[in-house]
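Asks: Here it is: the structure, laid out below.
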Amino acid sequence: MAWQQAAAEIRARLAPWPSDKTAPHWRLHAQTPVSAGTGDVIWWPLAPQGAPGTAASVQIDVWRAAGAVVLCSHALANGQVQDTLYTHDVIYRVAGADDPAFFPAFAAFLDGGFAPHDALVLARAWRTDGSHARPEDADTLGAWPSVLETFPTVLGQVPSPGRFPACPSRLGLYPVLPDADWCERMADLQVSTVQLRIKDPAHPALRSEIERTVAAGRRVTRDSAWFINDHWREAAQANAYGVHLGQEDMAALTADEVATLFASGMRLGISTHGYYEILAAHHFRPSYLAVGAVFPTTTKVIATAPQGLAKLARYVKLIAPHYPLVAIGGIDAANLAQVLDTGVGCTAVVRAVTEADDVAAAVQGMQKEFARRSVA
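UniProt numbering numbers the first residue of the sequence shown as 1 and each following residue consecutively.
Okay, structure coming up:
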């Protein structure tokens, strides 16, 4: 009952936070249940040695097969703790500071509609002394965790070779386009930030498309920051400014490949879809982070639900002091002003450009919205 009361108090301190009626409802167990299935989250603290024994591993597998989520935590040295979160098909591991309010905070973020892996890292960021939040944000975000240094570290990733080169802090309008012809049109309009996105690795003209895009980017005379999606080896051969990789693509790279990418001198952007993935990307110290999808989108199949403006505003507070932030997913001229109201300095757009009746007018109209805010 004390934990329930503490969770309710933390939930209240997160206000204003919109309720998501479509989010799953979780039953959080602090004691071992007789049975568990979909919708159950079981917290199972372990002895200091950390690794579950054979019987415990079998029990975890049984719960996972039934659809339950299992969180195993064990103490490390110097007040640190390691968490292993088992879902039906994924295992997440993080390490961070222990805090007496962790468990009720975990309950509060689950109640707020967050997936267990995102609720876990938010709860590990929570501090009883309030150091996880900035006082100047209290009126708008309550005690929402926004200090990156209090968040845990994602474990199990290949080493980071260092911080990737910087790019402009506010990348502005960011068209993501399907071929070099479109990119060359953006160069004619002097668009500073562009991405070539060709998903087919067997595209017969891939190298030519990349080379033409790189050449077009060099025609932009101010703050040119042009990126190639996915094909980082070909981009490096073409001396591209930067590359953009998805979360899965980044995770698939070996340590040697990450080192080779870093040695190329290219800028790196990484896609993220929530707090856990933000921390996974932060491990590699990229040039920028992209978050989304902000709104529903038809241009890409994304497993996570649309993030919405409330989450985006909180991502801005967390990320912007450290990296340029790119909002992506369903953004167009009609909702651009709402997106920029969150404080984000860059929005990726696709159909807002490629399906515009007047491409030049659409681009210039959205650029004016950015310019208006930079003057203000």
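Here a beta-carbon is modelled for each residue, glycine too, at the ideal position from N, C-alpha and C.
(1) Check whether the segment 168-175 and the segment 194-201 touch, using three or more Cβ-Cβ pairs below 8 Å as the test.
(2) Give me the Cβ distance between V339 and T347, rounded to the nearest whole Å; I'm assuming they're in contact under 8 Å.
(3) Within 10 Å of its beta-carbon, does S146 have 16 or more other beta-carbons around it, so buried, or fewer, so exposed?
(4) For P161, which option in R314, A255, D223, A101 has the closest C-alpha, if you only look at C-alpha atoms?
(5) Could you compute how far the alpha carbon of T128 sits from the alpha carbon of A313?
(6) Give the single residue among L71, E136, P286 whose Cα lies nearest to the Cα of P116.
(7) Checking the sheet assignment: what are the DSSP bridge partners for Q195?
(8) I'd like to confirm the pairing. Which residues does DSSP put opposite Y288 in its beta bridges?
(9) Count the other C-beta atoms from every protein chain shown that fall within 10 angstroms of the C-beta of Q80, then say buried if there are 16 or more, exposed otherwise.
(10) Does the beta-carbon of K199 have 16 or more other beta-carbons within 10 angstroms, so that it is buried, or is it exposed?
(11) Consult DSSP for V350 and reduce its assignment to one of helix, strand or coil.
(12) Would you mind stating whether I331 and A352 have Cβ atoms separated by less than 8 Å?
(13) For P100, which of Q307, D230, A7, W17 has the nearest alpha-carbon?
(14) DSSP state of residue 378, grouped into three classes?
(15) With H, G and I counted as helix, E and B as strand and the rest as coil, what does DSSP make of I328?
(16) Output the distance between the C-alpha atoms of H25 and F109, rounded to the nearest integer angstrom.
(17) What is the residue span of the beta strand (DSSP E) that G96 lies within?
(18) Within a Cβ cutoff of 8 Å, which residues of the same chain sit near G130, ignoring the five residues on either side of it in sequence?
(19) Between the C-alpha atoms of G274 and G113, what's the straight-line distance to the nearest angstrom?
(20) So is A205 buried or exposed if we call it buried at 16+ other beta carbons inside 10 Å?
(21) For a test of the three-state rule: what should DSSP assign to residue 377, helix, strand or coil?
Replies: Based on what the coordinates show:
(1) yes
(2) 6 Å
(3) buried
(4) A255
(5) 23 Å
(6) L71
(7) V176, F227
(8) G269
(9) exposed
(10) exposed
(11) coil
(12) yes
(13) A7
(14) Examination of residue 378 is not possible in this model, given that the chain is present from 1 through 376 alone.
(15) strand
(16) 11 Å
(17) 91-97
(18) A143
(19) 12 Å
(20) exposed
(21) In the structure as shown, the chain starts at 1 and stops at 376, and residue 377 therefore has no counterpart that could be examined.
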